[in-house]
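Visitor: Chains A and B are the protein sequences, given in the same order. All residue numbers for the first sequence refer to our numbering, where the first residue is 27 and numbers rise by one. All residue numbers for the second sequence refer to our numbering, where the first residue is 27 and numbers rise by one. Below is one structure. I have some questions about it.
There are 2 protein chains.
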Amino acid sequence: MSVKLKALVFDAYGTLFDVHSVVRLCDEFWPGQGTALSQLWRTKQLEYTWQRSLMRRYKDFSDVTVDGLRYACAALGLSLSELQVTRLREAYLSLTTFPEVKEALGKLSHLQLAILSNGAPSMLDPVVANAGLRGVFSAVISVDPLNTYKPTPDVYQLAVKRLGVPKNEIGFVSSNCWDACGAKSFGFRTFWINRSDAPVDRLDAAPDHVIRNLAELPDLV
Amino acid sequence: MSVKLKALVFDAYGTLFDVHSVVRLCDEFWPGQGTALSQLWRTKQLEYTWQRSLMRRYKDFSDVTVDGLRYACAALGLSLSELQVTRLREAYLSLTTFPEVKEALGKLSHLQLAILSNGAPSMLDPVVANAGLRGVFSAVISVDPLNTYKPTPDVYQLAVKRLGVPKNEIGFVSSNCWDACGAKSFGFRTFWINRSDAPVDRLDAAPDHVIRNLAELPDLV
């Protein structure tokens, strides 16, 4: 069908790494509120990345993540101690991968594999190492040097420069539909991991492929 | 306290104009689903403005609003006819103002008053006229000529240029905390109308004033 891919670039959180353990910790700290809190937390975390990018007030993802947490706790009337902030920050460093991830990555090892994430280097390096994936990726790329977040086109361009592969030979994989749309708009061939059977985002840049999880990926590239 | 203000610039939707009638129409079309639908619709409408601004895929607010509606209906499993799209688009053109708005604007008439909104000119002109506010504002400014949305600083700069007033002599009023933060970050003196007792957004640019509604504004300027 399309040009043969030379490289695959993955989003990190929600795509390779399951944030479920963070939700569980929220539920331990605030029984019965874990799901509501983590949803609002995630919403604000992302909103802040977009708003700060537009405002030109970049702050790294680790701090934006804590800002989102503080907002969400305040909105839900939950008290938040500095010890809880530290524990939740740490939980982000030792996330597990989704069950199918390692086997799928193994089948894709004939391609150059990389991560391109909003995460700060101080978050990405530990989570990759803790998951035993250090040797798997030829590059773990953070948006951080650009002081802006996805879906700014310059962010996707980072992967082109770092991998030395033309953009039409790069496949981009994300569980965030807007991220897959941003990458498609930039010029990657895109794979949206639609884990929750959500509708496609109306951004006039629909992903090329919609799959349920990474296990479907090796047959498509 | 601060420099005397020469002009006041208002956000439109949710600040001057109450979108309640749109919610009511949603509830008429999809009984019992009006609130859930309109919340998700609003969330997606805003997300799309930020994402499109970053992706450099601007599309006017009228169309982004319909895109958000289509997504929200799909996510909630509600069928949406083209007639319903038209009716909801039209409802945006004849919103009523919040009860305190006209009296408050009357007390502020010694200042230059303007609107600065994400809305397309094709949406703003009718809603201002239908609410009987045409003579009240010296300028009704849309982001549209810039092909980007709030909180991009260039958008707030539009008001400075159009009004010919330095930014530190302009007060900016919005019910959207992130919008008030964006305006504060740009350099306006800002008033956040916190109608729903929400926490302040953690964007390191907190609004100068937090008030419950516009009736509190005349005493502050």
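Note that the Cβ used here is the ideal one computed from N, Cα and C, for glycine as well.
Give me, in chain order, the residues of the same chain whose beta-carbon lies closer than 8 Å to that of ARG78 of chain B; leave out the 5 immediate sequence neighbours on both sides.
Guide: The residues are TYR84, LYS85, VAL90, TYR175.
Visitor: To the nearest angstrom, how far is it from the Cα of LEU246 of chain B to the Cα of SER143 of chain A?
Guide: Using only the alpha carbons, I get a separation of about 44 Å.
Visitor: Could you check the C-alpha separation between VAL29 of chain A and PHE124 of chain A for me, to the nearest Å?
Guide: VAL29 of chain A and PHE124 of chain A: Cα-Cα distance of roughly 29 Å.
Visitor: Can you check which of these residues, A:LEU172, A:HIS136, A:GLY132, is closest to GLY145 of chain A by C-alpha distance?
Guide: Looking at the Cα atoms, A:LEU172 is the closest of the given residues.
Visitor: Should MET81 of chain A and GLY208 of chain B be called a contact, given that it needs their Cβ atoms to be closer than 8 Å?
Guide: Yes, the pair counts as a contact, with Cβ atoms nearer than the cut-off.
Visitor: With a 10 Å radius around its C-beta and 16 neighbouring C-beta atoms as the bar for buried, classify GLU73 of chain A as buried or exposed.
Guide: It is buried - the Cβ of GLU73 of chain A has at least 16 other Cβ atoms within 10 Å.
Visitor: As an exercise, report each continuous alpha helix (DSSP H) stretch of at least 4 residues that is fully enclosed by the stretch 85-123 of chain A, in chain order.
Guide: Entirely contained in the stretch 85-123 of chain A, the alpha helix (DSSP H) runs reaching 4 residues are, in chain order, 87-102, 108-117.
Visitor: Report yes or no: do the stretch 31-50 of chain A and the stretch 181-200 of chain B share at least 3 C-beta pairs separated by less than 8 Å?
Guide: Contact between the stretch 31-50 of chain A and the stretch 181-200 of chain B is absent, because fewer than three Cβ pairs lie under 8 Å.
Visitor: So, with DSSP's three-state summary, where would you put LEU131 of chain B?
Guide: LEU131 of chain B: helix per DSSP, three-state reduction.
Visitor: If we ignore side chains and look at the alpha-carbon of each, how far apart do LEU106 of chain B and SER47 of chain B end up?
Guide: Between LEU106 of chain B and SER47 of chain B, the C-alpha separation is close to 18 Å.
Visitor: Assign GLN65 of chain B to one of two classes, buried (16 or more other C-beta atoms within 10 Å of its C-beta) or exposed (fewer than that).
Guide: Flag for GLN65 of chain B reads exposed.
Visitor: In whole angstroms, give me the CA-to-CA distance for LEU229 of chain A and ASP205 of chain B.
Guide: The straight-line gap from Cα to Cα measures roughly 22 Å.
Visitor: Between THR216 of chain B and the rest of its own chain, which residues show a CB-CB distance below 6 Å, the 5 nearest in sequence each way excluded?
Guide: Contacts found: PHE198, ALA206, ALA209, LYS210, PRO233, ASP234.
Visitor: Spatial neighbours of LEU119 of chain A within its chain, please: C-beta separation below 6 Å, excluding the five flanking residues on both sides.
Guide: The residues are PRO152, VAL153.
Visitor: With distance defined between alpha-carbon atoms, name the residue in B:GLN110, B:ALA33, B:ILE141 nearest to ASP53 of chain B.
Guide: Answer by Cα proximity: B:GLN110.
Visitor: Please classify ASP93 of chain B as buried or exposed, where buried requires at least 16 other C-beta atoms within 10 Å of its C-beta.
Guide: With 16 or more other Cβ atoms within 10 Å, it is buried.
Visitor: So the alpha helix (DSSP H) GLY58 of chain A belongs to, where does it begin and stop?
Guide: Element bounds for GLY58 of chain A: n/a, residue is neither H nor E.
Visitor: With 8 Å as the threshold, decide whether the Cβ of ASP37 of chain A is near any Cβ in chain B.
Guide: Chain B contact via Cβ: absent.
Visitor: Which residues in chain A sit within 8 Å of GLY208 of chain B, going by Cβ to Cβ distance?
Guide: Near GLY208 of chain B (Cβ distances below 8 Å), the residues of chain A are GLN77, LEU80, MET81.
Visitor: Is the Cβ of ALA182 of chain B closer than 8 Å to any Cβ of chain A?
Guide: Just to set this straight, residue 182 of chain B is Tyr in the shown sequence, not Ala. Output row for TYR182 of chain B: interface = no.
Visitor: Which same chain residues end up closer than 6 Å to VAL169 of chain B when comparing Cβ atoms and leaving out the 5 residues on each side of it in sequence?
Guide: Excluding positions up to five away in sequence, the list reads ASN144, TYR175, VAL181.
Visitor: For TYR97 of chain B, which residues in chain A fall below 7 Å Cβ to Cβ?
Guide: Residues of chain A passing the Cβ test: PRO225, ASP227, ARG228.
Visitor: Along chain B, in chain order, which residues have C-beta atoms closer than 8 Å to that of THR178 of chain A?
Guide: What THR178 of chain A touches in chain B: LEU80, MET81.
Visitor: Would you mind reading off the limits of the beta strand (DSSP E) that contains ALA140 of chain B?
Guide: Per DSSP, ALA140 of chain B belongs to the beta strand (DSSP E) from 138-143.
Visitor: Which runs of the alpha helix (DSSP H) fall wholly inside the stretch 139-181 of chain A and span at least 4 residues, in chain order?
Guide: Listed in chain order, the complete alpha helix (DSSP H) runs (minimum 4 residues) inside the stretch 139-181 of chain A are 147-156.
Visitor: Using a C-beta cutoff of 8 Å, does TRP67 of chain A count as contacting chain B?
Guide: Answer no: the Cβ-Cβ gap between TRP67 of chain A and chain B never drops below 8 Å.
Visitor: Going straight from the alpha carbon of GLU108 of chain B to that of TRP67 of chain B, what length do you get?
Guide: For GLU108 of chain B and TRP67 of chain B, the distance between alpha carbons rounds to 16 Å.
Visitor: Thinking just about the alpha-carbon of each residue, which of B:ARG238, B:ALA185, B:VAL226 is nearest to the one in PHE36 of chain B?
Guide: It is B:ALA185 whose Cα lies nearest to the Cα of PHE36 of chain B.
Visitor: To the nearest whole angstrom, what separates the beta carbons of GLN138 of chain A and ALA33 of chain A, a pair I think is in contact under 8 Å?
Guide: Between ALA33 of chain A and GLN138 of chain A the Cβ distance is about 4 Å, and since that is below 8 Å, they are a contact.
Visitor: So, under 8 Å CB-CB, LEU243 of chain A and LEU134 of chain A are touching, yes? Tell me the CB distance rounded to an integer number of Å.
Guide: 7 Å between Cβ atoms; contact.
Visitor: Keeping to the same chain, check which residues put their C-beta closer than 8 Å to that of ARG115 of chain B; ignore five residues upstream and five downstream.
Guide: Only SER88, THR91, VAL92 meet the Cβ criterion.
Visitor: Taking C-beta pairs closer than 9 Å, name the residues in chain B that TYR84 of chain A reaches, listed in chain order.
Guide: Chain B residues near TYR84 of chain A: none, gap ~11 Å exceeds 9 Å.
Visitor: Quick one: residues in its chain with C-beta nearer than 8 Å to the C-beta of GLN59 of chain A, no 5 flanking neighbours on either side, listed in chain order?
Guide: Excluding sequence neighbours, GLN59 of chain A sits near CYS52, ASP53, LEU102, LEU104.
Visitor: Looking at the structure shown, is PHE198 of chain B part of a helix, part of a strand, or coil, going by DSSP?
Guide: Three-state DSSP puts PHE198 of chain B in a strand.
Visitor: Between A:ARG96, A:PRO147, A:SER222, A:GLN183, which has its C-alpha nearest THR112 of chain A's C-alpha?
Guide: Nearest of A:ARG96, A:PRO147, A:SER222, A:GLN183 to THR112 of chain A, Cα basis: A:ARG96.
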